[in-house]
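K.L.:
2 protein chains.
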Amino acid sequence: MSYLAPLREMQFVLYELLHSDEVLPALPGYEDATRDIMDAMLNEGAKLTQNVIAPTNVPGDRQGCVYDPETKSVKTPDGFREAYKQFAENGWTALSSPLEYGGQGMPHLLNTVAEEMMCSANLSLGMYPGLTHGAVNALLSYGTDEQKDYYLPRLISGEWTGTMCLTEPQCGTDLGLIRTKAEPQADGSYAVTGTKIWITGGEQDLTDNIVHLVLAKLPDAPGGSKGISLFLVPKVLPDGSRNTAFCGGLEHKMGIRGSATCVMNFEGAKGWLIGEAHKGLQAMFVMMNSARLMVGIQGLGLAEAAYQVSLGFAKERLQSRSLAGPQAPDQAADPIIVHPDVRRMLLRQKATIEGCRALAYYTVMQLDISQHGADEEARERADDMVQLLTPVVKAFLTDEGFFCANDGLQLMGGSGFTQDWPLEQFVRDARITRIYEGTNGIQALDLVGRKMGMNGGRSVKRFFAMVDGFLKEHPDAPYAGALKAALERLQKATLWLMQNGMTDREQAGAAATPYLRLFALTTVAFFWSRMALVARQQLDAGSTETDFYQAKLAAGQFFIDRILPQSLALMAEIESGKDSLMAMTAEQF
Amino acid sequence: MSYLAPLREMQFVLYELLHSDEVLPALPGYEDATRDIMDAMLNEGAKLTQNVIAPTNVPGDRQGCVYDPETKSVKTPDGFREAYKQFAENGWTALSSPLEYGGQGMPHLLNTVAEEMMCSANLSLGMYPGLTHGAVNALLSYGTDEQKDYYLPRLISGEWTGTMCLTEPQCGTDLGLIRTKAEPQADGSYAVTGTKIWITGGEQDLTDNIVHLVLAKLPDAPGGSKGISLFLVPKVLPDGSRNTAFCGGLEHKMGIRGSATCVMNFEGAKGWLIGEAHKGLQAMFVMMNSARLMVGIQGLGLAEAAYQVSLGFAKERLQSRSLAGPQAPDQAADPIIVHPDVRRMLLRQKATIEGCRALAYYTVMQLDISQHGADEEARERADDMVQLLTPVVKAFLTDEGFFCANDGLQLMGGSGFTQDWPLEQFVRDARITRIYEGTNGIQALDLVGRKMGMNGGRSVKRFFAMVDGFLKEHPDAPYAGALKAALERLQKATLWLMQNGMTDREQAGAAATPYLRLFALTTVAFFWSRMALVARQQLDAGSTETDFYQAKLAAGQFFIDRILPQSLALMAEIESGKDSLMAMTAEQF
Numbered sequence: 001m002s003y004l005a006p007l008r009e010m011q012f013v014l015y016e017l018l019h020s021d022e023v024l025p026a027l028p029g030y031e032d033a034t035r036d037i038m039d040a041m042l043n044e045g046a047k048l049t050q051n052v053i054a055p056t057n058v059p060g061d062r063q064g065c066v067y068d069p070e071t072k073s074v075k076t077p078d079g080f081r082e083a084y085k086q087f088a089e090n091g092w093t094a095l096s097s098p099l100e101y102g103g104q105g106m107p108h109l110l111n112t113v114a115e116e117m118m119c120s121a122n123l124s125l126g127m128y129p130g131l132t133h134g135a136v137n138a139l140l141s142y143g144t145d146e147q148k149d150y151y152l153p154r155l156i157s158g159e160w161t162g163t164m165c166l167t168e169p170q171c172g173t174d175l176g177l178i179r180t181k182a183e184p185q186a187d188g189s190y191a192v193t194g195t196k197i198w199i200t201g202g203e204q205d206l207t208d209n210i211v212h213l214v215l216a217k218l219p220d221a222p223g224g225s226k227g228i229s230l231f232l233v234p235k236v237l238p239d240g241s242r243n244t245a246f247c248g249g250l251e252h253k254m255g256i257r258g259s260a261t262c263v264m265n266f267e268g269a270k271g272w273l274i275g276e277a278h279k280g281l282q283a284m285f286v287m288m289n290s291a292r293l294m295v296g297i298q299g300l301g302l303a304e305a306a307y308q309v310s311l312g313f314a315k316e317r318l319q320s321r322s323l324a325g326p327q328a329p330d331q332a333a334d335p336i337i338v339h340p341d342v343r344r345m346l347l348r349q350k351a352t353i354e355g356c357r358a359l360a361y362y363t364v365m366q367l368d369i370s371q372h373g374a375d376e377e378a379r380e381r382a383d384d385m386v387q388l389l390t391p392v393v394k395a396f397l398t399d400e401g402f403f404c405a406n407d408g409l410q411l412m413g414g415s416g417f418t419q420d421w422p423l424e425q426f427v428r429d430a431r432i433t434r435i436y437e438g439t440n441g442i443q444a445l446d447l448v449g450r451k452m453g454m455n456g457g458r459s460v461k462r463f464f465a466m467v468d469g470f471l472k473e474h475p476d477a478p479y480a481g482a483l484k485a486a487l488e489r490l491q492k493a494t495l496w497l498m499q500n501g502m503t504d505r506e507q508a509g510a511a512a513t514p515y516l517r518l519f520a521l522t523t524v525a526f527f528w529s530r531m532a533l534v535a536r537q538q539l540d541a542g543s544t545e546t547d548f549y550q551a552k553l554a555a556g557q558f559f560i561d562r563i564l565p566q567s568l569a570l571m572a573e574i575e576s577g578k579d580s581l582m583a584m585t586a587e588q589f
Numbered sequence: 001m002s003y004l005a006p007l008r009e010m011q012f013v014l015y016e017l018l019h020s021d022e023v024l025p026a027l028p029g030y031e032d033a034t035r036d037i038m039d040a041m042l043n044e045g046a047k048l049t050q051n052v053i054a055p056t057n058v059p060g061d062r063q064g065c066v067y068d069p070e071t072k073s074v075k076t077p078d079g080f081r082e083a084y085k086q087f088a089e090n091g092w093t094a095l096s097s098p099l100e101y102g103g104q105g106m107p108h109l110l111n112t113v114a115e116e117m118m119c120s121a122n123l124s125l126g127m128y129p130g131l132t133h134g135a136v137n138a139l140l141s142y143g144t145d146e147q148k149d150y151y152l153p154r155l156i157s158g159e160w161t162g163t164m165c166l167t168e169p170q171c172g173t174d175l176g177l178i179r180t181k182a183e184p185q186a187d188g189s190y191a192v193t194g195t196k197i198w199i200t201g202g203e204q205d206l207t208d209n210i211v212h213l214v215l216a217k218l219p220d221a222p223g224g225s226k227g228i229s230l231f232l233v234p235k236v237l238p239d240g241s242r243n244t245a246f247c248g249g250l251e252h253k254m255g256i257r258g259s260a261t262c263v264m265n266f267e268g269a270k271g272w273l274i275g276e277a278h279k280g281l282q283a284m285f286v287m288m289n290s291a292r293l294m295v296g297i298q299g300l301g302l303a304e305a306a307y308q309v310s311l312g313f314a315k316e317r318l319q320s321r322s323l324a325g326p327q328a329p330d331q332a333a334d335p336i337i338v339h340p341d342v343r344r345m346l347l348r349q350k351a352t353i354e355g356c357r358a359l360a361y362y363t364v365m366q367l368d369i370s371q372h373g374a375d376e377e378a379r380e381r382a383d384d385m386v387q388l389l390t391p392v393v394k395a396f397l398t399d400e401g402f403f404c405a406n407d408g409l410q411l412m413g414g415s416g417f418t419q420d421w422p423l424e425q426f427v428r429d430a431r432i433t434r435i436y437e438g439t440n441g442i443q444a445l446d447l448v449g450r451k452m453g454m455n456g457g458r459s460v461k462r463f464f465a466m467v468d469g470f471l472k473e474h475p476d477a478p479y480a481g482a483l484k485a486a487l488e489r490l491q492k493a494t495l496w497l498m499q500n501g502m503t504d505r506e507q508a509g510a511a512a513t514p515y516l517r518l519f520a521l522t523t524v525a526f527f528w529s530r531m532a533l534v535a536r537q538q539l540d541a542g543s544t545e546t547d548f549y550q551a552k553l554a555a556g557q558f559f560i561d562r563i564l565p566q567s568l569a570l571m572a573e574i575e576s577g578k579d580s581l582m583a584m585t586a587e588q589f
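Just so you know, the protein sequences line up as chains A and B, in that order. The letter at position 327 of the first sequence is residue 327 when you use UniProt numbering, and the numbering goes up by one with no holes. The letter at position 585 of the second sequence is residue 585 when you use UniProt numbering, and the numbering goes up by one with no holes.
#1: Would you call the segment 571-583 of chain B and the segment 554-561 of chain A in contact, with 3 or more CB pairs under 8 Å?
#2: What residues in the segment 438-452 of chain A bring their beta carbon closer than 8 Å to a beta carbon of chain B?
#3: Residues of chain A with CB closer than 8 Å to the CB of L311 (chain B), please, in chain order.
#4: Which residues in chain A have a C-beta closer than 7 Å to the C-beta of Y436 (chain B)? List them in chain order.
#5: Can you check whether the CB of G258 (chain A) is closer than 8 Å to the CB of T503 (chain A)?
#6: Under 8 Å between C-beta atoms, does H252 (chain A) make it to chain B?
#7: Let me confirm a value: K472 (chain B) is counted as buried when at least 16 other C-beta atoms fall within 10 Å, else exposed. Which label applies?
#8: Name the residue from A:I197, A:N500, A:A191 whose alpha carbon lies nearest to the alpha carbon of L232 (chain A).
#9: DSSP three-state label for S20 (chain B), please.
#10: Check whether the Cβ of A353 (chain A) lies closer than 8 Å to any Cβ atom in chain B.
#11: In this structure, how does DSSP classify Y101 (chain B) when only helix, strand and coil are distinguished?
#12: Below 7 Å on C-beta distance, what does W528 (chain B) contact in chain A?
#13: When Cβ atoms are compared, which residues of the segment 334-346 of chain B fall closer than 9 Å to chain A?
#14: Identify which residue in B:D368, B:R357, B:L230, B:E168 has its Cα closest to the Cα of F12 (chain B).
#15: Spatial neighbours of V66 (chain A) within its chain, please: C-beta separation below 6 Å, excluding the five flanking residues on both sides.
#16: Report all residues from its chain with a CB closer than 7 Å to the CB of A324 (chain A); omit the five preceding and five following residues, and keep chain order.
#17: In chain B, what lies closer than 9 Å to Q319 (chain A) by C-beta?
#18: Anything in the segment 530-552 of chain B with a Cβ closer than 7 Å to a Cβ of chain A? List those residues in chain order, please.
#19: Given that G509 (chain A) touches chain B, what residues does it touch there, using C-beta distances under 8 Å?
#20: Show which residues of chain A have a CB atom less than 8 Å away from the CB atom of M127 (chain B).
#21: In chain B, which residues lie less than 7 Å from K315 (chain A) when you measure between Cβ atoms?
#22: Using the Cβ count rule (16 or more neighbours within 10 Å means buried), how would you classify D208 (chain A)?
#23: Spell out whether any CB of chain A is found under 8 Å from the CB atom of D476 (chain B).
#24: If you measure from the beta carbon of E12 (chain A) to each beta carbon in chain B, is any gap under 8 Å?
#25: If we ignore side chains and look at the alpha-carbon of each, how far apart do M466 (chain B) and M452 (chain B) end up?
#26: When you compare only the Cα positions, how much space is there between A186 (chain A) and W198 (chain A)?
So, in structure tokens, the structure goes:
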């Protein structure tokens, strides 16, 4: 039942597919990101997540967080505080933050691999430091020097955590409806008043202070989302006094029960403006974008955890005989991994996880290049890919994380449904990832409504050119034919969107979700073709890791045979347009 | 949040699609199943499930069942006992049972509609009387007159409940591995010894007695599933003494927490053989087949419940403006039902639910005809459809029930994930329906391995002829072109299966799950074409229910545009064969 960090799989993507050990150390500031150092840190991360973090996962779910209305405090599950402390003290909160504020200055890619491990081991616990990254990024981009100097070292070291306070009872997706107010004070601070809901880590007992980043409106704010400003509101003020930002209660949720999801009441709490007045949405997107990639990684991490447990079960559980005759004649029945339909569920997980890992790590390495690239052109090209692929990573990896966890549960039968096994918790935990940091429907609208059209469609053109370039360079790559057909289908869908969605935004809205999925399937097929090419080259060169590389080729073939064909259905769905969605009046439903 | 039985939708399928008010009263024994009587009973069922049953659902989930190890007894959630009592006293347990044992002798179809309501209102509570039907059916088919006279009236009245004791720790799907033993006693009874797990209602406090139907092996039993016999083991013996069949504990489960899922220890418990020695599997299939149809209905009922709540939310929740410009300019934002992507999630539910309801009710009406048909030929034809469609109903309706509940949760965003709304419970409850009474993978193997080949493929030929006949008779029916293409695809897949799966059973196993889904999508498309034809005829004839019939046409079109195209992907998946599933050794995973 225990988690083992899939280091060999991670290394395959990092070094053999992405050559991060050549690319990253060549970037100014990432000279230390050599393979030796990366591997040493990943080995440490594996030990910590396997031995310290993972054991807190199931007990944390059963115990949950407890709110004390007397003190307005929250008790996290037993063991969380100690595990978090060890995580922070060993430097994991500081991994990819700048050296000047006490960070380790390592690439985001390394942090992402560590985050995958954390999410496999205990998503609820991982969310406390995970959200802190958003606060750090917002401060780095928009904080004053004074704010940076005071808050960043404490957030980066993990001494304090950060939150993102966006949602209110009447507004989630539509932040223009925010009612929280910020009144300017004589000393240059602001008095923030309002209620925020679903605030992850809004209150907890892991750290002594919590730094809330709060969206609110100034008295002179224009209407809608253009009138939102961002404020920093610490739980404990720099003078040591308790700020009037209190937890009003906890949500009772389907999953991530070890994560404190708080109602936060700001009662004239003292805060400071971050960035410019009325420009809070821009700062929020800085927090949000890194958070969106991280949520994609959560889906990946949960899928990996579910796969490991269900694979172990499939190898152990004896039930019925192989359709090809007994495989374990000395036992009462064969292990269920002999059955084609069980393998279908295992390979759905394996092929999806490995393809998604490649997509996610690639995207995060582009993020590193976009920030550390040697020249403007390289940074721009990388940023284009990050912008384009962020909603794809967020939505596809969380949808698939949920589906993979469900496949794992399903192949375990009744056992998967009981709490004797962690599968049902993985499914419950995975469910939220499709919703928070922008629902997956919102990700799809972001892709078709914003990302595709950016800079005259430059990103998507570059993406097509990249896949096309690979096919031209490697016409005999594994699955090249299927990939070419998928690319052409995606290009056709893109043209359909350009022709129909520009003039009629409801057409774009109607196509968005199947289009994002079509985009994702094509992208993952591209990475599978590249990974299979590496595997074939290794086998041809006489590698002794034959099992590993043969499994790569088999999993890739499964993806092409049994997952990629979904693009046929998605294409038909896109081309059917908005008519069947919009035909009914609301009353006719 | 409350449940409203969708009587108009139910009546549409019963009368306008299936003409049950003409077909059923024409069958010997079902003369009373007129529309007046059916409607009167459905109205009563609606009142009971809405007002008495539904209010117990959420509290029952929170409280769960509690086991007392001292007394080995189980306390069901508060209110369950009273609600069950009212359900039984009003005759709902007796609806479709024979008059001679105190039943009401009404068609299974009526009972199925009532079961749909029950499953929407409280699946956990509905399972106690639901499982009793299996015991009643087994006794009716295989009990002695003495057994029938003593047990049936008490089970049918709901005074007692019944269980199905199949699974053991080492065997679920593979019942040949059963270890429970039955030793013949001098008085003609048997001493049953062994442990059964996952026994729904194995112990409860709703009734004074529980009748366990237990699979066990006689001392001279041949190995494997051919050596299984069925025994009746009551909790309280006819002489009033307590039998040695005890609950050893409860499972802690992801969902259906109000349903007591018991470990049952039979400690030399007194039992009686049902049917012939070593022929228990046959009797078990009698229990199982009706249970499988019922589990399909559970999926349908949960999907309907989820749809109602999420539809209400979509009409109320104000967030963002329509992509076509403000629709509710006097409010801060538009209700989210204006958004194409929200409608996609609503229509996925609506189109699936209504299509699945037609498929399920059709199948159950065939069950009625198979038992009450006037002549052998009619009974045989109807039985062919029941046999063929039972695995399709079980697997497709439960897969889709889960997906629909998830779509409902998704469109509600964070609200759907909290326990302030019942969506997360519907998702948790729906999860088990894909597993119990034979996992959906087993259903698919049943379809391709047993049902398709029965009587030289007679059932599937008759099914194709029925769809083909409809298309010939109504070449201009709505969606006729798409249905024809889907039918041809299914026929091609069937041919592929015949050519490949007969000689190589692993090929059949590899194709099974996508084939079942392809079969289901085609079948539901067939029913949508028929339903849309009715709707069009009603509109052409000037019906005043224009909203209702227009919505039918829109939902049907959605199914054809956005769900049926999945058959393209499934076809590719089937034709890819077993190679990518079987390429890896177990060790390479």
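Cβ coordinates follow ideal geometry from the N, Cα and C atoms, glycine included. Note that the structure is a prediction, hence the values are computed from the model and not measured.
P.N.:
Reading it off the structure:
#1: yes
#2: T439, N440, G441, A444, L445
#3: Taking the first residue of the second sequence as position 1, residue 311 (chain B) is located at position 311. Correct list: F589.
#4: Here residue 436 (chain B) refers to the residue found at position 436 of the second sequence. G414, listed in chain order.
#5: Working through the first sequence from its first residue, we reach residue 503 (chain A) at position 503. Working through the first sequence from its first residue, we reach residue 258 (chain A) at position 258. For T503 (chain A) and G258 (chain A), no; Cβs fall outside 8 Å.
#6: In the first sequence, the residue the question calls residue 252 (chain A) occupies position 252. H252 (chain A) counts as touching chain B.
#7: Residue numbering aside, residue 472 (chain B) sits at position 472 when the second sequence is read from its first letter. Exposed, since its Cβ has fewer than 16 Cβ neighbours within 10 Å.
#8: Numbered from its first residue, the first sequence carries residue 232 (chain A) at position 232. Of the candidates A:I197, A:N500, A:A191, the one whose C-alpha sits nearest the C-alpha of L232 (chain A) is A:A191.
#9: Here residue 20 (chain B) refers to the residue found at position 20 when the second sequence is read from its first residue. DSSP places S20 (chain B) in helix when its eight states are reduced to three.
#10: By 1-based counting over the first sequence, the position of residue 353 (chain A) is 353. In the sequence as displayed, the identity of residue 353 (chain A) is Ile instead of Ala. Taking Cβ atoms only, chain B never reaches closer than 8 Å to I353 (chain A), which makes this a no.
#11: Here residue 101 (chain B) is taken as the residue at index 101 of the second sequence, counted from 1. The answer is helix: DSSP assigns Y101 (chain B) an H, G or I state.
#12: On the second sequence, residue 528 (chain B) is found 528 positions in, with the first residue counted as 1. Those do not exist, as W528 (chain B) stays about 12 Å from chain A at its closest Cβ, beyond 7 Å.
#13: P335, I336, I337, V338, H339, P340, D341, V342, R343, R344, M345, L346
#14: Within the second sequence, numbered from 1, the residue matching residue 12 (chain B) stands at position 12. For F12 (chain B), the nearest C-alpha among the options comes from B:R357.
#15: Within the first sequence, the letter at position 66 stands for residue 66 (chain A). Contacts found: K75.
#16: Here residue 324 (chain A) corresponds to residue number 324 of the first sequence, with the count starting at 1. Excluding residues within five positions, none has a Cβ falling inside 7 Å.
#17: Counted from its first residue, the first sequence places residue 319 (chain A) at position 319. Q170, C171, G172, T173, D174, L177, listed in chain order.
#18: For chain A, the residues of the segment 530-552 of chain B that bring a beta carbon within less than 7 Å of one of its beta carbons are D547, Q550, A551, in chain order.
#19: In the first sequence, the residue the question calls residue 509 (chain A) occupies position 509. The answer, in chain order, is L323, H339, P340, D341.
#20: Against the second sequence, residue 127 (chain B) aligns to sequence position 127. The contacting residues do not exist; M127 (chain B) stays about 14 Å from chain A at best.
#21: Counting from one through the first sequence, the residue named residue 315 (chain A) turns up at place 315. Going along chain B in sequence order, the residues near K315 (chain A) (Cβ under 7 Å) are A586.
#22: Here residue 208 (chain A) corresponds to residue number 208 of the first sequence, with the count starting at 1. It counts as exposed.
#23: Counting from one through the second sequence, the residue named residue 476 (chain B) turns up at place 476. Not an interface residue.
#24: Start at 1 with the first residue of the first sequence, and residue 12 (chain A) comes out as number 12. Correcting the residue type first, residue 12 (chain A) is Phe in the shown sequence and not Glu. F12 (chain A) does not count as touching chain B.
#25: Here residue 466 (chain B) is taken as the residue at index 466 of the second sequence, counted from 1. Here residue 452 (chain B) is taken as the residue at index 452 of the second sequence, counted from 1. Rounded to whole angstroms, M466 (chain B) and M452 (chain B) show a C-alpha spacing of 16 Å.
#26: Numbered from its first residue, the first sequence carries residue 186 (chain A) at position 186. Numbered from its first residue, the first sequence carries residue 198 (chain A) at position 198. The alpha-carbon separation between A186 (chain A) and W198 (chain A) amounts to approximately 31 Å.
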